[in-house]
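A.B. asks: Below is the structure I would like to discuss, written out as C-alpha cells.
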Amino acid sequence: MSRIVIRGGLVVTAAEEVHADVLVEGGRVAALASHDSDPARGWTASADRVIDATGKYVIPGGVDVHTHMELPFGGTHASDTFETGTRAAAWGGTTTIVDFAVQSVGESLRAGLDGWHAKADAQCAIDYGFHMILSDVNEDTLKEMDILVEEGVTSFKLFMAYPGVFYSDDGRILRAMQRGADNGGLIMMHAENGIAIDVLVEQALAAGRTDPRYHGEVRHALLEAEATHRAIRLAQVAGSPLYVVHVSAQQAVEQIALARDEGLNVFGETCPQYLFLSTDNLAEPDFEGAKYVCSTPLRPKEHQAVLWRALRTNDLQVVSTDHCPFCFVGQKELGRGDFSKIPNGLPGVENRMDLLHQAVVDGQISRRRWIEIACATPARMFGLYPRKGTIAPGADADIVIYDPGAEQVVSAATHHMNVDYSAYEGKRLRGKARTVMSRGTVVVDQDRYLGRAGHGRYQTRETCQYLV
Ligand code: URP
Ligand code: ZN
Ligand code: ZN
Ligand code: ZN
1 MSRIVIRGGL VVTAAEEVHA DVLVEGGRVA ALASHDSDPA RGWTASADRV IDATGKYVIP
61 GGVDVHTHME LPFGGTHASD TFETGTRAAA WGGTTTIVDF AVQSVGESLR AGLDGWHAKA
121 DAQCAIDYGF HMILSDVNED TLKEMDILVE EGVTSFKLFM AYPGVFYSDD GRILRAMQRG
181 ADNGGLIMMH AENGIAIDVL VEQALAAGRT DPRYHGEVRH ALLEAEATHR AIRLAQVAGS
241 PLYVVHVSAQ QAVEQIALAR DEGLNVFGET CPQYLFLSTD NLAEPDFEGA KYVCSTPLRP
301 KEHQAVLWRA LRTNDLQVVS TDHCPFCFVG QKELGRGDFS KIPNGLPGVE NRMDLLHQAV
361 VDGQISRRRW IEIACATPAR MFGLYPRKGT IAPGADADIV IYDPGAEQVV SAATHHMNVD
421 YSAYEGKRLR GKARTVMSRG TVVVDQDRYL GRAGHGRYQT RETCQYLV
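Just so you know, the UniProt record's numbering puts the end of the sequence shown at 468, numbered straight through with nothing missing.
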C-alpha cells in the first residue's frame with residue numbers, strides 16, 4: 001500500500017483552514033496532523049513519496065455535478081468525449097463529475113443509462129457518476145425511478161424548456177416529483193417556460209431578428225423566474241425537494257430565496273458563465289456571439305452581483321459548469337442566420353476551480369466558501385459526501401495542491417478541452433492546480449499529465465445529504 005505525505009500546505013475545506021500534513025494510504029486520506037508534529041515527521045520518514053506543498057493550498061478535488069460529455073443536441077454532439085472532457089477536468093483540479101445520462105422519448109430509463117455507461121466505461125480520467133434526464137414520464141419510467149435510486153442514480157433532471165425534445169408538462173413534472181418525494185430521488189429542474197419561449201423565437205425569426213443576441217432576448221428573465229416559481233410550487237405540493245440548475249436571472253434567484261425563507265428544501269446552482277459573462281458577449285459581432293449561446297442564457301451584467309450575493313448568503317449553494325462544448329467551426333455555425341439552430345452550451349469544466357479562485361482573490365467569496373460551493377456542497381447534494389468533497393480521514397484522496405500565486409491567461413491555445421475556442425479567452429487569473437490526485441494517484445503534476453483513460457471509477461451515490 002503506497003504512502004504519500006503532502007507536507008507543509010494550508011489544508012482548506014468547507015469547514016476549516018489548517019496548516020497540516022496529510023497522509024495518504026491506499027488511495028484514501030489516512031490522517032492529518034499539524035505540520036512537522038511528531039506523527040507527521042514519522043510519516044515523512046516512512047513515506048514512498050513526499051510532496052512539498054509549502055506556500056500552497058491543499059484542497060479537495062473539485063466536484064462538478066453538471067456536465068454533458070458527448071450530449072446529442074440540435075443535430076450534433078457536444079465535442080468533449082468522456083475521455084477528453086475528464087482529462088481536461090483533471091487539468092483544472094476537478095476530480096469528480098456527475099454527467100447527465102439521457103432517456104429519449106419512447107426509451108426506458110435503463111436503455112438511456114446503459115447508453116451512457118457505454119460512452120463512459122474505461123474512458124474517464126477521474127471518477128464519475130450519472131444523473132438521469134427524464135424525457136418521458138410515464139407509469140413504467142416512474143417505476144424505474146425507484147430502481148435507479150436503489151442502484152445509486154439518485155437524481156433526475158426534468159425540463160420545462162425544449163418542447164418536443166426534453167420537455168415535460170406540469171402534470172408529468174408533478175408525478176415525477178411525487179415519486180421523488182417517495183423514493184428519495186432529487187428532482188433537478190431546467191426552469192424556463194419553453195412553450196412561451198418557442199412563440200417568441202418564431203416571432204423573432206419572422207421579424208428577421210436572427211443574430212445570436214436574440215437568443216438572450218427571447219429567453220426572457222421573467223420566463224426563467226416564472227418557471228422557477230412554478231417548479232417550486234409543484235415541488236411544494238408534491239412534498240419533494242427541488243434543485244434548480246443553471247440559475248442565471250436575478251428574478252429566479254428571488255423565487256429561490258423566497259422559497260428558502262419559507263423553509264422549503266429548494267436549492268439552486270449557478271455556473272461560471274453567469275458570474276463572469278453577460279449579454280455583451282452574446283452581442284459580439286461577426287457571429288462570435290454564438291460562442292456564448294447556452295440556456296438559460298447569459299444575462300445583462302447587473303445580474304452578476306445578485307448571483308454573487310446569493311452564493312454568499314447560501315440562497316445559491318452550488319457552482320457547476322453545465323459543461324456542454326460545441327466547436328465554433330462546424331457546430332455553433334449551424335445557427336448562422338437562425339439563432340435557434342445554434343447548439344446550446346458552453347465549455348468550462350477545466351476553468352471552474354480557477355475562475356472561482358479568482359473570485360476569492362477579488363473578495364467575492366471566502367476561501368472556505370470556494371471549497372464549499374465547488375466541492376463539499378455538490379458532494380453532499382448528490383450523495384457523494386464524505387467520500388468526495390473534503391479532506392478527512394477515510395475520504396478518497398482526491399486532492400489538489402493549488403498554487404494561489406500562479407498567474408495564467410486562459411486560452412483555447414493552451415486548454416485541454418476538445419473545443420476550438422475558450423469562453424474566457426485572454427482572461428488573466430491568479431491561481432492554478434499544480435498537483436492533482438485522484439484516489440491517491442497523481443494524474444497531473446506541474447505541467448505533465450500522468451492520468452489515463454479508465455482510471456476513473458463509476459460512483460454510485462446516496463440520496464441527497466443536504467436536506468433541512
Ligand atoms: O445550454 C445548455 N445549458 N446546454 C446543455 C443542456 C442543458 O439544458 O443543461
Ligand atoms: Zn448521437
Ligand atoms: Zn438545462
Ligand atoms: Zn446542462
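Glycine included, C-beta positions come from ideal geometry on N, C-alpha and C.
Given a cut-off of 7 Å on the beta-carbon distance, is the pair K291 and F339 in contact?
C.D. replies: Contact: no.
A.B. asks: Which residue spans inside the stretch 343 to 410 form an unbroken beta strand (DSSP E) run of at least 3?
C.D. replies: Counting whole runs of 3 or more residues, the stretch 343 to 410 contains the beta strand (DSSP E) stretches 399 to 409.
A.B. asks: CA-CA distance, Y466 and H131?
C.D. replies: Roughly 17 Å separates the two Cα atoms.
A.B. asks: In angstroms with no decimal places, state the Cα-to-Cα distance between D447 and R434.
C.D. replies: Approximately 8 Å, taken between the alpha carbons.
A.B. asks: With a threshold of 6 Å, establish whether the CB of G345 neighbours any heavy atom of ligand 1.
C.D. replies: Indeed, a heavy atom of ligand 1 lies less than 6 Å from the Cβ.
A.B. asks: Taking the beta strand (DSSP E) that D127 belongs to, which residues open and close that run?
C.D. replies: Where D127 is concerned, the enclosing beta strand (DSSP E) stretches over 127 to 133.
A.B. asks: State buried or exposed for K301, treating a residue as buried only when at least 16 other CB atoms are found within 10 Å of its CB.
C.D. replies: Label assigned to K301: exposed.
A.B. asks: So, for R336: in the same chain, excluding its five sequence neighbours on each side, which residues have a beta-carbon less than 7 Å away from its beta-carbon?
C.D. replies: Hits under 7 Å: F287.
A.B. asks: Under 8 Å by Cβ, that's how I've got R367 and E70 pegged, so tell me the actual separation to the nearest angstrom.
C.D. replies: Incorrect: roughly 34 Å between the Cβ atoms, too far for contact.
A.B. asks: Measuring only from the beta carbon, is H131 closer than 6 Å to any heavy atom that is part of ligand 3?
C.D. replies: The answer is no for H131.
A.B. asks: What did DSSP end up calling D64 once you bin it into helix, strand or coil?
C.D. replies: In the structure shown, D64 sits in a strand (DSSP, three-state: E or B).
A.B. asks: Is D322 near ligand 6, in the sense that its beta carbon is under 6 Å from a heavy atom of that ligand?
C.D. replies: Ligands present in the displayed structure are limited to ligand 1, ligand 2, ligand 3 and ligand 4, and ligand 6 is not among them.
A.B. asks: Just confirm the distance between the C-beta atoms of M160 and A231, as a whole number of angstroms; I'd bet it's less than 8 Å.
C.D. replies: So it is a contact: roughly 7 Å between Cβ atoms.
A.B. asks: Using only alpha-carbon positions, find the residue among W308, I342, T313 that is nearest to C324.
C.D. replies: Checking every option, the nearest Cα to that of C324 belongs to I342.
A.B. asks: Run the proximity test for H415: is its beta-carbon closer than 6 Å to any non-hydrogen atom belonging to ligand 3?
C.D. replies: Outside the cutoff, so no.
A.B. asks: Run through DSSP, which three-state label would V201 get?
C.D. replies: Of the three classes helix, strand and coil, the one that applies to V201 here is helix, per DSSP.
A.B. asks: Where does V11 fall in DSSP's three states?
C.D. replies: Of the three classes helix, strand and coil, the one that applies to V11 here is strand, per DSSP.
A.B. asks: State the DSSP-derived secondary structure class of A20, mapped to helix, strand or coil.
C.D. replies: Strand, per DSSP.
A.B. asks: At 3 residues or longer, what runs of the beta strand (DSSP E) sit wholly inside the stretch 170 to 258?
C.D. replies: Correct list: 186 to 190, 242 to 244.
A.B. asks: Going by the C-beta, is H190 closer than 6 Å to any heavy atom of ligand 3?
C.D. replies: Result yes, Cβ under 6 Å from ligand 3.
A.B. asks: Mapping the DSSP letters down to three states, classify R448 as helix, strand or coil.
C.D. replies: Three-state DSSP puts R448 in a strand.
A.B. asks: Do T67 and D99 have their C-beta atoms closer together than 7 Å?
C.D. replies: Going by C-beta atoms, T67 is nearer than 7 Å to D99.
A.B. asks: Kindly indicate the opening and closing residues of the alpha helix (DSSP H) around K143.
C.D. replies: That run of the alpha helix (DSSP H) goes 139 to 151.
A.B. asks: Tell me, which residues are paired with Y167 by DSSP?
C.D. replies: Bridge partners of Y167: F159.
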